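Numbering (my numbering), first residue to last: 1 to 229.
The block underneath contains the structure these notes are about, expressed in C-alpha cells.
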C-alpha cells in the first residue's frame with residue numbers, strides 16, 4: 001500500500017530533512033511551505049497523514065490551517081512546534097490535531113511516531129462494524145459520520161470516531177480514563193489524560209447543544225467519562 005504524506009513546513013531546510021527521512025521509507029511526500037499551498041494540495045490529492053512543522057512566527061497560520069483542514073479531514077494530523085508552553089499546546093490540540101510534538105525530536109523518533117499513527121489510523125476494519133444506534137445517535141462506521149435524531153451528519157476524526165464507538169457500545173456506563181486511553185490510542189498514552197481531555201473537548205463541540213454544559217458526554221469526577229444518549 002502506497003503511503004502519501006502531506007508535509008506543511010514553513011522552514012525549507014527543515015522540511016527537506018523530514019521529506020528525505022520519509023522518502024527513505026518509500027513514502028510519497030508532497031511538501032508545502034504555506035497554508036494555502038497545503039490546502040490546495042489536499043484538495044487535489046488524497047493523503048494518509050498530514051505533518052505540520054511551523055516556526056513561532058507562523059504558529060497562528062498553522063493553527064488556522066489545522067482548524068480549516070479538520071472541518072473535512074478525518075486523517076491523522078501531527079503538529080511539530082518549538083513552543084513548549086502549555087497554552088500553545090492546548091491551542092494546537094483545540095485546532096484539531098491528533099498529536100502535538102514539542103521539538104527537538106530525533107528523526108528516528110518522529111518516523112516511529114508516524115509509523116504508529118499510520119498503523120492505527122484505520123485500525124478498526126470498517127467491514128467488521130455495523131451502524132451503531134444508541135438513543136439520540138447513530139454512528140455510520142463506513143463513512144465515519146455521527147448522525148443525530150434530526151438527521152444532522154457530523155464528520156468525525158479518527159480519534160473522535162474511536163471515542164464515540166466506545167461510548168455508543170457502553171452507554172450509561174462510567175468509563176475510566178485509563179481504559180479510554182488504552183482503547184482509543186491503543187496504549188496507555190503514558191497516562192497522559194491531557195490527550196483525552198482535548199479529545200473530549202473537541203467532541204463536545206461537535207455533538208453538544210451547549211458544550212459548556214454537556215448533556216450527553218459528561219465527566220465522572222475522579223473517574224473518567226459517561227455517555228448519556
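Yeah, the Cβ is synthetic: ideal placement off N, Cα and C, and Gly gets one too.
Keep in mind that this is a model prediction, so the values were computed, not measured.
What are the boundary residues of the beta strand (DSSP E) that residue i is part of?
{"i": "residue 32", "result": "28-32"}
{"i": "residue 154", "result": "153-155"}
{"i": "residue 137", "result": "137-140"}
{"i": "residue 145", "result": "145-147"}
{"i": "residue 9", "result": "4-9"}
With DSSP run on the structure shown, which of helix, strand or coil describes residue i?
{"i": "residue 56", "result": "helix"}
{"i": "residue 176", "result": "strand"}
{"i": "residue 188", "result": "Interpretation of residue 188 is limited by its pLDDT of 48, a score under 50 that renders its predicted location unreliable; no figure is taken from the coordinates."}
{"i": "residue 214", "result": "coil"}
{"i": "residue 123", "result": "For residue 123, the predicted model reports a pLDDT of 49, less than 50, meaning its position is unreliable; a value from the coordinates is still stated below. Coil."}
Following the continuous alpha helix (DSSP H) through residue i, name the residue where it begins and the one where it ends.
{"i": "residue 40", "result": "35-44"}
{"i": "residue 105", "result": "Careful: residue 105 lies outside any alpha helix (DSSP H) and carries neither H nor E."}
{"i": "residue 227", "result": "Where residue 227 is concerned, there is no enclosing alpha helix (DSSP H), although the beta strand (DSSP E) it sits in stretches over 224-227."}
{"i": "residue 16", "result": "12-24"}
{"i": "residue 131", "result": "Premise fails: residue 131 is in no alpha helix (DSSP H) and is neither H nor E."}
{"i": "residue 193", "result": "193-207"}
Nearest to residue i by alpha carbon, out of the options?
{"i": "residue 57", "options": "143, 222, 227 and 10", "result": "10"}
{"i": "residue 144", "options": "136, 135, 150 and 163", "result": "163"}
{"i": "residue 139", "options": "168, 68 and 111", "result": "168"}
{"i": "residue 8", "options": "2, 220 and 59", "result": "59"}
{"i": "residue 150", "options": "113, 137 and 62", "result": "137"}
{"i": "residue 205", "options": "134, 67 and 27", "result": "67"}
{"i": "residue 231", "options": "53, 157 and 29", "result": "As shown, the chain starts at 1 and ends at 229. That puts residue 231 outside it, with no answer to give."}
{"i": "residue 26", "options": "77, 5, 170 and 15", "result": "5"}
{"i": "residue 54", "options": "194, 80 and 40", "result": "80"}
{"i": "residue 131", "options": "88, 109, 165 and 152", "result": "165"}
{"i": "residue 90", "options": "219, 193 and 209", "result": "193"}
{"i": "residue 43", "options": "157, 69 and 215", "result": "69"}
{"i": "residue 178", "options": "197, 118 and 161", "result": "197"}
{"i": "residue 155", "options": "203, 49 and 118", "result": "203"}
{"i": "residue 75", "options": "218, 161 and 201", "result": "161"}
{"i": "residue 2", "options": "118, 38 and 20", "result": "118"}
So is the beta-carbon of residue i under 7 Å away from any non-hydrogen atom of the ligand SAM?
{"i": "residue 115", "result": "The ligand SAM is not part of this structure, which contains no ligands at all."}
Taking only runs of the beta strand (DSSP E) that begin and end inside the segment 67-103, which ones reach a length of at least 3 residues, in chain order? Complete beta strand (DSSP E) runs here, min 3: 77-81 and 99-102.
Within the chosen definition, does the segment 19-39 reach the segment 91-100 through at least 3 CB pairs nearer than 8 Å? Verdict: no, contact absent.
Touching or not, the segment 98-114 and the segment 74-88, by the rule of three or more beta carbon pairs under 8 Å? Contact holds between the segment 98-114 and the segment 74-88, because three or more Cβ pairs, one in each stretch, are under 8 Å apart.
Determine contact between the segment 209-227 and the segment 173-186, defined as no fewer than three beta-carbon pairs at a distance below 8 Å. Judged by Cβ distances under 8 Å, the segment 209-227 makes contact with the segment 173-186, as three or more pairs qualify.
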